[in-house]
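The next block holds one structure in the form of structure tokens; read it before the comments.
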Amino acid sequence: MEEDKIREPLLKNKYYDNCPGCKVDQAKEQNQSLSILNLAIIWMLVLSASLPISSLFPFLYFMVRDFNIAKTEADISSYAGYVGSAFMLGRGLTSVLWGIISDRYGRKPVLVIGIISIVIFNTLFGLSTSLWMAIVTRFLLGSLCGVFGPVKAYASELFREEHQAIGLSTVSAAWGIGLIIGPALGGYLAQPTEKYPHVFLKGSFWDKFPYFLPCLIISGLAFVAAIICIWIPETLHNHNGKNKTIDDAKALENGSSGGGKDIMIQKNENLLRNWPLMSAVLVYSVFALHDVAYQEVFSLWAVSPRRLGGLTFTTDDVGNVLSISGFALIIYQITLYPYVEKAFGPISLARISGLLSIPLLQSYPFIAMFSGLTLFILISIASVLKSVLAITIITGLFLIQNRVVEQHQRGEANGIAMTSMSLFKAIGPATGGAILTWSQKRNHASFLPGAERVFFILNIVEALGLLMMFTPFLREKKKTLSDQQH
Numbered sequence: 002m003e004e005d006k007i008r009e010p011l012l013k014n015k016y017y018d019n020c021p022g023c024k025v026d027q028a029k030e031q032n033q034s035l036s037i038l039n040l041a042i043i044w045m046l047v048l049s050a051s052l053p054i055s056s057l058f059p060f061l062y063f064m065v066r067d068f069n070i071a072k073t074e075a076d077i078s079s080y081a082g083y084v085g086s087a088f089m090l091g092r093g094l095t096s097v098l099w100g101i102i103s104d105r106y107g108r109k110p111v112l113v114i115g116i117i118s119i120v121i122f123n124t125l126f127g128l129s130t131s132l133w134m135a136i137v138t139r140f141l142l143g144s145l146c147g148v149f150g151p152v153k154a155y156a157s158e159l160f161r162e163e164h165q166a167i168g169l170s171t172v173s174a175a176w177g178i179g180l181i182i183g184p185a186l187g188g189y190l191a192q193p194t195e196k197y198p199h200v201f202l203k204g205s206f207w208d209k210f211p212y213f214l215p216c217l218i219i220s221g222l223a224f225v226a227a228i229i230c231i232w233i234p235e236t237l238h239n240h241n242g243k244n245k246t247i248d249d250a251k252a253l254e255n256g257s258s259g260g261g262k263d264i265m266i267q268k269n270e271n272l273l274r275n276w277p278l279m280s281a282v283l284v285y286s287v288f289a290l291h292d293v294a295y296q297e298v299f300s301l302w303a304v305s306p307r308r309l310g311g312l313t314f315t316t317d318d319v320g321n322v323l324s325i326s327g328f329a330l331i332i333y334q335i336t337l338y339p340y341v342e343k344a345f346g347p348i349s350l351a352r353i354s355g356l357l358s359i360p361l362l363q364s365y366p367f368i369a370m371f372s373g374l375t376l377f378i379l380i381s382i383a384s385v386l387k388s389v390l391a392i393t394i395i396t397g398l399f400l401i402q403n404r405v406v407e408q409h410q411r412g413e414a415n416g417i418a419m420t421s422m423s424l425f426k427a428i429g430p431a432t433g434g435a436i437l438t439w440s441q442k443r444n445h446a447s448f449l450p451g452a453e454r455v456f457f458i459l460n461i462v463e464a465l466g467l468l469m470m471f472t473p474f475l476r477e478k479k480k481t482l483s484d485q486q487h
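Numbering (our numbering), first residue to last: 2 to 487.
Written out as structure tokens, the structure is:
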């Protein structure tokens with residue numbers, strides 16, 4: 002009875018009438034079931050933010066070609082790399098700022114601004130008539146779309162503790178699927194007057210702006226998401242520490258008068274000195290660099306002519322390959338990955354995936370020697386395997402990052418990872434495009450001719466990431482007392 006009397010005022014004191022975060026917490030206490038509506042909102046927000054990132058890769062080669070800025074056909078890939086890097090550069094420069102704004106003014110304003118920026122600048126990118134317009138609109142899109150970091154904090158705050166894993170996995174799944182579906186949309190919908198002449202007529206608006214349709218569709222989805230954002234709840238508390246935190250209340254309920262002090266010490270811990278976290282972030286960034294460089298190189302290489310070592314694919318062909326990969330990835334994440342991860346553990350599984358990726362990637366130039374249906378089947382199988390191995394590595398490292406920090410610091414840890422990853426990814430497209438151009442100009446070299454060279458260099462990055470996944474570089478943090486209690 003005495004314990005109940007102590008707990009009751011603690012639970013009452015933690016809520017404030019005008020605090021939106023308290024209202025969300027009250028709703029979570031009153032309704033213990035998983036909200037499918039909230040999951041759908043999270044899915045919509047993340048999908049809208051992830052679609053524009055790589056949707057341009059299938060048609061970027063042709064867009065840059067139409068700008069008539071490249072002196073030779075091989076130079077197109079180099080200029081395309083600048084456009085591809087602009088988004089990640091902008092995001093890397095502003096990720097920490099958007100995290101600070103979301104902590105001070107709320108998650109909802111950052112999410113709304115990010116989604117609206119997609120509507121505006123992704124639409125303008127589709128209307129680009131010059132290389133500089135394309136670079137500037139992509140840079141502004143990356144700078145103003147600070148969704149991914151805050152949305153992970155939002156997902157963890159919107160759901161009860163027992164449902165937080167589902168909320169965060171929804172973020173990861175929607176993000177990964179968006180990165181696959183985006184290029185597929187770009188491949189299918191670019192140059193519509195050539196693919197669907199009965200619907201989109203020659204000489205029409207769609208002929209003048211052949212890359213506007215996929216951007217319009219993605220911006221339209223983002224517009225719907227922006228409207229939905231009007232009704233989403235704010236989860237940030239605004240009473241500025243005037244009452245006990247939820248963690249403090251739990252500590253007191255458990256009979257520990259020093260619990261609040263311990264929690265404050267944990268909150269002030271410098272995560273940059275947490276080597277298990279920082280090592281996982283650095284490895285994660287290296288593989289993110291590799292993956293975005295691979296995505297750009299694959300799309301540019303696939304549509305390049307045979308005489309430059311490419312596959313002479315159309316944007317439709319690239320869209321088909323990526324659609325197959327995306328469908329296979331969804332099945333793998335839902336059915337196989339949880340069981341394989343339990344059997345091997347995230348680190349061992351990531352190491353195995355990294356090792357298998359190297360010979361697979363080096364086989365791409367030899368697959369290019371085939372033609373017709375055989376070529377399409379082989380490159381589709383290789384793309385599926387590459388996507389599965391890549392998502393296995395990234396998901397494993399994502400799990401490690403969240404396991405080596407206390408729960409109340411995971412938002413800050415994800416912000417650090419986001420900034421590092423974005424800066425590494427900013428290097429990827431420009432470097433990948435430049436290396437592909439350099440390789441295609443040496444198509445008859447005696448050592449690693451043409452495409453063999455660019456895939457070999459990608460494998461060097463993959464091998465570096467693989468080596469970094471072993472001790473003494475990558476280490477798991479020992480479980481704390483609070484981890485063991487949970």
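From the three backbone atoms N, C-alpha and C, an ideal C-beta is built for every residue, glycine too. All of these numbers come straight from a predicted model, not from anything done at the bench.
Please tell me whether residue 358 and residue 387 are closer than 9 Å, where the distance is taken between their beta carbons. Taking the first residue of the sequence shown as position 1, residue 358 is located at position 357. Taking the first residue of the sequence shown as position 1, residue 387 is located at position 386. Yes, Cβ-Cβ distance for residue 358 and residue 387 is below 9 Å.
Residue 312 and residue 369 - do their beta-carbons sit closer together than 9 Å? In the sequence shown, counting from the first residue as 1, residue 369 sits at position 368. In the sequence shown, counting from the first residue as 1, residue 312 sits at position 311. By the CB criterion at 9 Å, residue 369 and residue 312 fall inside the cutoff.
So what does DSSP say about residue 313, is it helix, strand or coil? As a position in the sequence shown, residue 313 is number 312, starting the count at 1. Coil, per DSSP.
Could you tell me which of 334, 228, 438 sits nearest to residue 72, measuring between CA atoms? Sequence index remark: in the sequence shown, residue 72 carries index 71 (1-based). Here the closest residue by C-alpha is 438.
Beta-carbon within less than 7 Å of residue 423's beta-carbon, same chain only, minus the 5 sequence neighbours each way: which residues are those? Here residue 423 is taken as the residue at index 422 of the sequence shown, counted from 1. Closer than 7 Å at Cβ, skipping near neighbours: 89, 92, 93, 96.
N- and C-terminal bounds of the alpha helix (DSSP H) containing residue 460: Here residue 460 is taken as the residue at index 459 of the sequence shown, counted from 1. Element bounds for residue 460: 452-469.
Which residues bound the alpha helix (DSSP H) around residue 286? Translated into the one-based positions of the sequence shown, residue 286 becomes position 285. Looking at the DSSP string, the run of the alpha helix (DSSP H) that includes residue 286 is 276-304.
If we ignore side chains and look at the alpha-carbon of each, how far apart do residue 238 and residue 21 end up? For the purposes of this step, residue 238 is taken as the residue at position 237 of the sequence shown. For the purposes of this step, residue 21 is taken as the residue at position 20 of the sequence shown. Distance between the alpha carbons of residue 238 and residue 21: 6 Å.
Quick check: what's the CA-CA separation for residue 50 versus residue 116? By 1-based counting over the sequence shown, the position of residue 50 is 49. By 1-based counting over the sequence shown, the position of residue 116 is 115. If I take the Cα positions, the gap works out to 7 Å.
Return the CA-CA distance between residue 228 and residue 205, expressed in angstroms with no decimal places. The residue labelled residue 228 in the question sits at position 227 within the sequence shown. The residue labelled residue 205 in the question sits at position 204 within the sequence shown. Whole-angstrom Cα-Cα distance: 31 Å.
Could you say which of 405, 102, 110 lies nearest to residue 281 if we only look at CA atoms? Working through the sequence shown from its first residue, we reach residue 281 at position 280. For the residues 405, 102, 110, the minimum Cα distance to residue 281 belongs to 405.
Distance between residue 376 and residue 268 (C-alpha atoms, nearest Å): Residue mapping note: residue 268 aligns to position 267 of the sequence shown, counting from 1. Residue mapping note: residue 376 aligns to position 375 of the sequence shown, counting from 1. Note on residue 268: pLDDT 49, under 50, position unreliable in the model; the coordinate value appears next. Cα-Cα distance, rounded: 54 Å.
Contiguous alpha helix (DSSP H) assignments of at least 4 residues, all confined to the segment 72-139: Listed in chain order, the complete alpha helix (DSSP H) runs (minimum 4 residues) inside the segment 72-139 are 77-106, 108-118, 124-127.
Exposed or buried, residue 472, counting other C-beta atoms within 10 Å across all chains shown (16 or more means buried)? Locating residue 472 in the sequence shown gives position 471, where the first residue counts as 1. Exposed, since its Cβ has fewer than 16 Cβ neighbours within 10 Å.
Take residue 400 and list the residues in its own chain whose beta-carbon comes closer than 8 Å to its own, dropping the five residues that flank it on each side. Walking along the sequence shown from the start, residue 400 turns up at place 399. Listed in chain order, the non-local C-beta contacts of residue 400 below 8 Å within the same chain comprise 342, 347, local neighbours out to five positions each way being set aside.
Quick test of the definition: if touching needs 3 or more C-beta pairs under 8 Å, does the segment 50-69 touch the segment 110-130? A contact is defined here as three or more CB-CB pairs under 8 Å, and the segment 50-69 meets this definition with respect to the segment 110-130.
Among residues of its own chain, excluding the 5 on either side of residue 391, which ones have a beta-carbon nearer than 6 Å to its beta-carbon? What you label residue 391 is simply residue 390 of the sequence shown in a count that begins at 1. The residues are 292.
To the nearest angstrom, how far is the alpha carbon of residue 340 from that of residue 189? Position 339 of the sequence shown holds residue 340. Position 188 of the sequence shown holds residue 189. Their Cα atoms are separated by approximately 34 Å.
Starting from residue 221, trace the alpha helix (DSSP H) in both directions and tell me its first and last residue. In the sequence shown, counting from the first residue as 1, residue 221 sits at position 220. Here the alpha helix (DSSP H) through residue 221 covers 213-229.
Do the segment 133-151 and the segment 102-117 make contact, defined as three or more Cβ pairs closer than 8 Å? In short, these stretches touch, since the Cβ pair count reaches three.
Do you know how far the Cα of residue 236 is from the Cα of residue 105? By one-based count along the sequence shown, residue 105 stands at place 104. By one-based count along the sequence shown, residue 236 stands at place 235. Approximately 12 Å, taken between the alpha carbons.
Quick check on residue 41: buried or exposed, where buried means 16 or more other Cβ atoms within 10 Å of its Cβ? Stepping through the sequence shown from its first residue, residue 41 is reached at position 40. With fewer than 16 Cβ atoms within 10 Å of its Cβ, residue 41 is classed as exposed.
Checking 9 Å against the spacing of the C-beta atoms, do residue 430 and residue 82 come in under that value? Taking the first residue of the sequence shown as position 1, residue 430 is located at position 429. Taking the first residue of the sequence shown as position 1, residue 82 is located at position 81. Taking C-beta atoms as the reference points, residue 430 and residue 82 count as a pair closer than 9 Å.
Quick one, which of 362, 402, 446 has its alpha-carbon nearest residue 458's? Numbered from its first residue, the sequence shown carries residue 458 at position 457. Shortest Cα-Cα distance from residue 458 to any of 362, 402, 446 involves 362.
CB-CB length for residue 286 against residue 474, believed under 8 Å: As a working note, residue 286 is residue 285 in the sequence shown. As a working note, residue 474 is residue 473 in the sequence shown. Between residue 286 and residue 474 a beta carbon distance of about 13 Å is seen, past the 8 Å cut, so the two are scored as non-contacting.
Near residue 453, what residues of its chain come up, given a Cβ to Cβ distance below 7 Å and the 5 sequence neighbours on each side ignored? As a position in the sequence shown, residue 453 is number 452, starting the count at 1. Correct list, in chain order: 366.
Beta-carbon proximity of residue 444 to residue 310, cut-off 9 Å: Taking the sequence shown and counting its residues from 1, the one referred to as residue 444 is at position 443. Taking the sequence shown and counting its residues from 1, the one referred to as residue 310 is at position 309. In contact: residue 444 and residue 310 (Cβ atoms closer than 9 Å).
Count the other C-beta atoms from every protein chain shown that fall within 10 angstroms of the C-beta of residue 493, then say buried if there are 16 or more, exposed otherwise. Residue 493 lies beyond the residue range present for the chain, which begins at 2 and ends at 487; the question has no answer from this structure.
Nearest candidate by alpha-carbon position, reference residue 299, set 284, 288, 323: Position 298 of the sequence shown, counted from the first residue, corresponds to residue 299. Among 284, 288, 323, the Cα nearest to that of residue 299 belongs to 323.
Coil, strand or helix - residue 442 by DSSP: Locating residue 442 in the sequence shown gives position 441, where the first residue counts as 1. Note: residue 442 maps to coil in three-state DSSP.
Using only alpha-carbon positions, find the residue among 123, 98, 102, 99 that is nearest to residue 87. Here residue 87 refers to the residue found at position 86 of the sequence shown. Residue 123 is the option with its Cα nearest to residue 87.
Short of 7 Å in beta carbon distance, which residues of its chain neighbour residue 180, apart from the five on each side in sequence? Order them along the chain. Within the sequence shown, numbered from 1, the residue matching residue 180 stands at position 179. Sequence-distant partners of residue 180 (beyond 5 residues in either direction) whose C-beta falls short of 7 Å from its own C-beta, in its chain, are 51, 54, 55.
Decide if residue 200 is buried, meaning its Cβ has at least 16 other Cβ atoms within 10 Å, or exposed. One-based indexing of the sequence shown puts residue 200 at position 199. Residue 200 should be labelled exposed.
DSSP-derived helix/strand/coil call for residue 476: Counting from one through the sequence shown, the residue named residue 476 turns up at place 475. The answer is coil: DSSP assigns residue 476 none of H, G, I, E or B.
Please name the residue, chosen from 383, 421, 213, 326, that lies closest to residue 185 on a Cα-to-Cα basis. Taking the sequence shown and counting its residues from 1, the one referred to as residue 185 is at position 184. Measuring from the Cα of residue 185, the nearest candidate turns out to be 326.
Which term fits residue 231, buried or exposed, when burial requires 16 or more other beta carbons within 10 angstroms of its beta carbon? As a first step, residue 231 must be located in the sequence shown, where it is residue number 230. Counting Cβ neighbours within 10 Å, residue 231 comes out exposed, since fewer than 16 surround it.
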